[in-house]
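Residue numbers (the numbering used here): 5 to 692. Heads up, the beta-carbon is just placed ideally off N, CA and C, and yes, glycines get one too. Heads up: the structure comes next, in structure tokens.
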Ligand code: NAP
């Protein structure tokens, strides 16, 4: 405690410690009262990184993707139980309940989403990337790309606007990849991040060292990063560029992912008129983006482009909508827009608006005045929503370069869709860009025309508006980031995001060696002859590479006729009376699906109840050579890969998915088809 004010703690080398001295005072954004102090003075940040690499990294790298995913799920469930505590702290940042929901539950949702992503990975600490690559004609030499977790720390330097989501959206991904994190939230709202980290550490769900936190200045942190670390930065372009040019980042080639300010835009398609539902959708979206989080969202709409003939209608209706947003103390339930995060932030927004006002005018709002519910405008960092009008968007650069990080947006006219595309690009790279249109031709032309300059694009119309997640919401399944001014970074994006924290390495060798390394059967690998039929084995007993070579089956013309009758597939190639001149075939050919069905007849062993519960489907299927009547086929049937499944409820049968490679071989020894089929196989015991 410092003069009765909470002194924030840092969590480094497995301990909660306060820095030296009084540190920076952090204020309640609504009433201006001090809430905490923060300092990192005296901390050995080099030792913290070393601890993360040694202790946290080692613990996480031993775990498989599935174990790490289940850990994320457990953490998400734990934080969900504690969420009301975080809401209480979040009000001090000026956030309304909805703003905090985006931050807190959005962050927890990210943990859940990445937990589910484990199913896209093997039950190993590492994984393959892409397809196997045959390199020798005889099939004895091949390559595969492998992804292994980096041996460093993910250092996250975050902006002040999302103290919880900003941390969790990044950490969820590096933890799933098997890397520990050191989080440095922006100091002014770090009290909220600290409260969440305290719960995470207390829960003991993560292995020790997987998460460290510093509240206050980054000090000499970047002097100690190495090439195995990854630095992510979210904040202003000025700070980002300075950090990206840090000599150690450059010398060590440290991956640096930057998400910076961006002049996101929304275009009202030239097909939309005020009587259409798309008009209301447009008004609602802009209003929401300007007022949620008081406009302090990296993705918020800063530029609005409307057809010139609708400009006046648009700003009048938008102004009217904005006037209906109650502003004030977020603890008051009537309030829909809270304050900015602090007085300094408001000062910066005002100063940037003043620069824009040299070429624009205010059509809604007031830079100084704001009507408040339950709050004092001098104590709290409140600002009225401000809608600016700029009539010359092609002649004025300021509106495409100056970001006002608050409830501020500028409306501008355009003449043609070609102009709208050119204007959207004048932001020189943004995180997201939306178009509201009911015409899919307009949508296609706009998306293809403007896509190079944006990280994410949303097409809004009456068909999707109800379910739309909105212009401003980055989603864990989708890439978040943008080119150029937006920083050139990329994060989240499902499996894509995880790869940022892994080293890709090309591995060359024999198929048998690569089967051992990848724990996935590679074609042409030496199989392990099965002593008993694999369908008689439980999930745990099966070994990747275990193989049976089946008996042979003669394919006859009558078989093909009967399959045509049974299935109703009378394609000309399967009929013996067809004239095969000028076709791809010599004579009547067997249906591919018949050959696969005949294959199942050869490899399935299951007339008695056994561990195989059901056929789950087919991943890949290729018919590589025609099978004519008189051909004898046999099957090479190999256990290709095993994927564990969780027991979801008490009565669930413990089980896993087993992938099998089915190679259909004809009497010349050549392959006539190949498939990967999936079965659900019972476990002996529930050990997940
Ligand atoms: P900022 O001033 O650039 O700060 C961002 C982070 O960098 C903070 O954690 C800050 O720490 C840290 N930092 C500042 N100087 C540093 C240094 N010399 N060494 C190491 N770290 C340093 O940005 P902000 O004011 O927090 O955030 C607002 C800006 O972020 C807006 O421009 C917004 O567009 C952008 N933003 C972008 C995204 C995105 O995803 N693209 C998301 C959110 C926000 P201190 O707080 O301790 O100074």
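- A direct Cα-to-Cα measurement between residue 382 and residue 374 gives close to 11 angstroms.
- Shortest Cα-Cα distance from residue 160 to any of 247, 365, 354 involves 247.
- Residue 645 holds the alpha-carbon nearest to the alpha-carbon of residue 128 among 384, 645, 665.
- By the neighbour-count criterion, in which 16 or more other beta carbons inside 10 Å mark a residue as buried, residue 588 falls on the exposed side.
- Segment contact: the segment 239 to 256 against the segment 270 to 287, fewer than three CB-CB distances shorter than 8 angstroms; contact not assigned.
- In terms of Cβ geometry, residue 264 and residue 491 form a close pair [threshold 9 angstroms].
- For residue 131, no alpha helix (DSSP H) run applies; the uninterrupted beta strand (DSSP E) run containing it begins and ends at 131 to 138, by DSSP.
- For residue 317, the uninterrupted alpha helix (DSSP H) segment begins and ends at 315 to 327.
- Counted as a single uninterrupted DSSP element, the stretch harbouring residue 501 is not any beta strand (DSSP E) but the alpha helix (DSSP H) occupying residues 499 to 503.
- Straight through space, the alpha carbons of residue 268 and residue 31 are spaced by roughly 30 angstroms.
- Sequence-distant Cβ neighbours of residue 435 in its own chain, meaning closer than 8 angstroms and more than five residues away, are 263, 266, 268, 302, 303, 458, 459, 460, 478, 484, 485, 486, 490.
- DSSP places residue 201 in the helix class (H, G or I) of the three-state scheme.
- With a contact defined as Cβ atoms closer than 8 angstroms, residue 463 and residue 452 miss out at about 12 angstroms.
- For residue 225, the Cβ falls inside the 8 angstroms cut-off from some heavy atom of ligand 1.
- Contact between the segment 96 to 114 and the segment 322 to 330 is absent: fewer than 3 CB-CB pairs across the two stretches fall below 8 angstroms.
- Under the 10 Å beta carbon count, residue 607 is surrounded by 16 or more other beta carbons and is classified as buried.
- Measuring C-alpha to C-alpha distances from residue 677 to each of 664, 648, 629, 643 identifies 629 as the nearest.
- If you draw a straight line from the Cα of residue 311 to the Cα of residue 400, it comes to about 18 angstroms.
- Per the coordinates, the alpha-carbon of residue 46 lies some 37 angstroms from the alpha-carbon of residue 508.
- Going by DSSP, residue 506 is part of the beta strand (DSSP E) stretching over 506 to 513.
- Taking the Cα of residue 488 as reference, the smallest distance to any Cα among 335, 405, 227, 231 is reached at 405.
- Per DSSP, the unbroken alpha helix (DSSP H) holding residue 101 starts and ends at 101 to 104.
- Shown here, residue 116 sits in a helix according to DSSP, grouped into three states.
- Collapsing the DSSP output to three states places residue 683 in a strand.
- Annotation for residue 266 indicates a beta carbon within 8 angstroms of some heavy atom of ligand 1.
- Remark: the C-beta of residue 404 is outside contact range of ligand 1, defined as less than 8 angstroms to any heavy atom.
- Our two residues, residue 664 and residue 539, have alpha carbons roughly 11 angstroms apart in a direct line.
- Taking 8 angstroms as the cut-off, the C-beta of residue 163 counts as close to a heavy atom of ligand 1.
- Looking at the DSSP output, residue 461 bridges to 437.
- Counting only the Cα atoms, residue 445 lies some 48 angstroms from residue 659.
- Annotation for residue 186: the continuous beta strand (DSSP E) segment containing it runs 185 to 188.
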